[in-house]
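Residue numbers (the working numbering): 5 to 217.
And the structure:
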């Protein structure tokens with residue numbers, strides 16, 4: 005009962021923030037099998053009691069805010085302590101002209117073990133490259149020249165499209181239509197939530213999921 009109450013609070017907060025509640029499930033669902041997880045874009049232990057799949061768009065201002073206000077504390081308090089397995093899913097929205105390009109560069113960086121650095125660079129400089137379109141220059145500031153040569157080669161070869169497309173297809177399975185959208189998995193159940201969430205409310209929800217085990 006308390007778990008549903010906290011989820012209900014999350015939904016109300018989302019409603020106040022303009023979240024499209026059509027993408028949110030108030031009851032647990034059963035699409036709990038994780039597939040096609042790119043370990044280079046995942047943090048924590050796959051054996052953690054809770055898995056969070058976060059569908060995001062590098063050009064999305066709400067995703068940037070989520071990254072800046074929630075991500076670090078979530079990683080410190082739940083991912084690094086073995087409580088949450090955090091999986092990044094790319095969901096570039098058609099309305100954002102450079103979001104798929106940014107996803108290509110981030111996925112290329114993941115192939116050389118530099119995903120976190122590029123993720124940070126893209127979100128921190130989002131306002132600039134969203135206008136200029138200079139994703140390449142933004143990423144170059146986060147990598148060495150040798151690393152950038154490898155990343156550019158991967159992007160040019162268009163070898164990353166399939167992985168991004170799989171993330172998008174995965175999002176469609178959960179009726180994702182906005183970013184960020186988070187799918188919580190625990191004990192064979194899933195709880196989809198569309199939009200940002202306050203860290204303190206998220207903490208309460210995660211603690212309840214973990215406490216049910």
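Ideal placement from N, C-alpha and C gives every residue a C-beta, glycine not left out.
Proximity to residue i [Cα-Cα], best of the options
i, options, result
"residue 120", "90, 138 and 95", "90"
"residue 85", "104, 105 and 50", "50"
"residue 116", "148, 211 and 185", "148"
"residue 180", "145, 106, 199 and 203", "199"
"residue 193", "216, 156, 144 and 206", "216"
"residue 106", "162, 214, 204 and 185", "162"
"residue 143", "111, 40 and 165", "111"
Helix, strand or coil at residue i [DSSP, three-state]
i, result
"residue 213", "helix"
"residue 228", "The chain is shown from 5 up to 217; residue 228 falls before or after that span and cannot be answered."
"residue 196", "strand"
"residue 101", "coil"
"residue 201", "coil"
"residue 136", "helix"
"residue 171", "helix"
"residue 120", "helix"
"residue 155", "helix"
"residue 94", "strand"
"residue 164", "coil"
"residue 47", "strand"
"residue 55", "strand"
"residue 186", "strand"
"residue 18", "Bear in mind that the predicted position of residue 18 carries a pLDDT of just 43, short of 50, making it too unreliable to give a figure here."
"residue 180", "coil"
Nearest-angstrom Cα separation, counted from residue j out to residue i
i, j, result
"residue 133", "residue 176", "27 Å"
"residue 70", "residue 53", "22 Å"
"residue 183", "residue 150", "33 Å"
"residue 138", "residue 74", "27 Å"
"residue 60", "residue 96", "7 Å"
"residue 28", "residue 173", "In this prediction, residue 28 scores a pLDDT of 40, lower than 50, which makes its location untrustworthy; the coordinate-derived value is nonetheless stated afterwards. When rounded, the distance between both Cα atoms is 17 Å."
"residue 76", "residue 168", "24 Å"
"residue 65", "residue 124", "14 Å"
"residue 104", "residue 57", "19 Å"
"residue 87", "residue 203", "15 Å"
"residue 185", "residue 201", "10 Å"
Contacting residues, own chain, Cβ-Cβ under 8 Å from residue i (five flanking each side not counted)
i, result
"residue 141", "133"
"residue 127", "62, 67, 68, 71 and 72"
Nonlocal neighbours in the same chain, by C-beta distance under 6 Å from residue i, ignoring five residues either side
i, result
"residue 55", "89 and 189"
"residue 178", "187 and 196"
"residue 171", "93 and 94"
"residue 83", "47, 48 and 90"
"residue 113", "119, 122 and 155"
"residue 43", "none"
Chain-order list of residues whose beta-carbon lies under 7 Å from that of residue i (same chain, five-residue window excluded)
i, result
"residue 102", "63, 133, 134, 137 and 139"
"residue 159", "108, 109 and 112"
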